[in-house]
Every structure is written in structure tokens, then in C-alpha cells.
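Below you'll find the structure, written out as C-alpha cells, and then a few comments.
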Amino acid sequence: MNISPMGPVAREMTARLEKHLAPARIMLRDDSEQHRGHGGYREDGGESHFFLSIESAAFTGQSRVGRQRLVYKALGDLMHERVHALAMETRAPGE
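Sequential numbering from 13 applies to the sequence shown in my numbering.
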């Protein structure tokens, strides 16, 4: 299995999510290479398209949209300046 190290954008995303949402589980995958040649792809190192799977107590009682808003708020300016697309799976503990 070939696991590549996280780049600076992925590390910053993970740090912000851990700080703001205290996840019990988090997995962030850079899917940028699958989008080479498409809108938003960055030739300067990728890190433009991600998939996030996250479990956090902060999501308890939140709708799917509410959970996504919490993630976007935690990521802040990264969503406007660096990340083109973020697919996500959000869960509360026990789901």
C-alpha cells in the first residue's frame, strides 16, 4: 500500500477541524489527481479536491446541512482561497 504524506493544505485542514470540532475520527483524502484537467485543479501541487469522513459530537442533533456548515466554518478561508471542492461524510457518535 502506497500512502503519500499529507501536503500543507491537508495538514492545515486537519488541524482546523481537530481544533474546532474535536473529532473522534477523521479521515481526509486528497482526490485532486482524479480532477486533473477539470475546473479548479491546481498544477502547483494539487490539493484542490478533497474527501472528508469525520465523526464528531458537535454534529449531534444537526441536520446534514448544519453539519456541513460547521465543517465550512472550521475551515474558514481555506474554502475560499485554496480548496475548490470538498465531498464529505459527517457522523455523530453512534451513527
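Even glycine gets a Cβ: it sits at the ideal position worked out from N, Cα and C.
Mind checking residue 89: buried by the 16 CB within 10 Å criterion, or exposed? Within the sequence shown, numbered from 1, the residue matching residue 89 stands at position 77. Exposed, by the Cβ-count rule.
Own chain partners of residue 103 with C-beta closer than 7 Å, once the 5 adjacent residues on each side are dropped: Along the sequence shown, one-based indexing puts residue 103 at 91. Only 67, 71 meet the Cβ criterion.
Nearest to residue 101 by CA position, among 62, 85, 92, 95, is which residue? Stepping through the sequence shown from its first residue, residue 101 is reached at position 89. Checking every option, the nearest Cα to that of residue 101 belongs to 62.
Closest residue to residue 22 among 78, 36, 41, 85 (Cα-Cα distance): Position 10 of the sequence shown, counted from the start, is the residue given in the question as residue 22. Per the Cα distances, 41.
From the DSSP secondary-structure annotation, give me the bridge partner or partners of residue 62. Residue numbering aside, residue 62 sits at position 50 when the sequence shown is read from its first letter. The partner list for residue 62 (beta bridge, DSSP) reads 42, 98.
For residue 38 and residue 65, the rounded distance between their alpha carbons: Walking along the sequence shown from the start, residue 65 turns up at place 53. Walking along the sequence shown from the start, residue 38 turns up at place 26. Near 6 Å, if we compare the C-alpha coordinates of residue 38 and residue 65.
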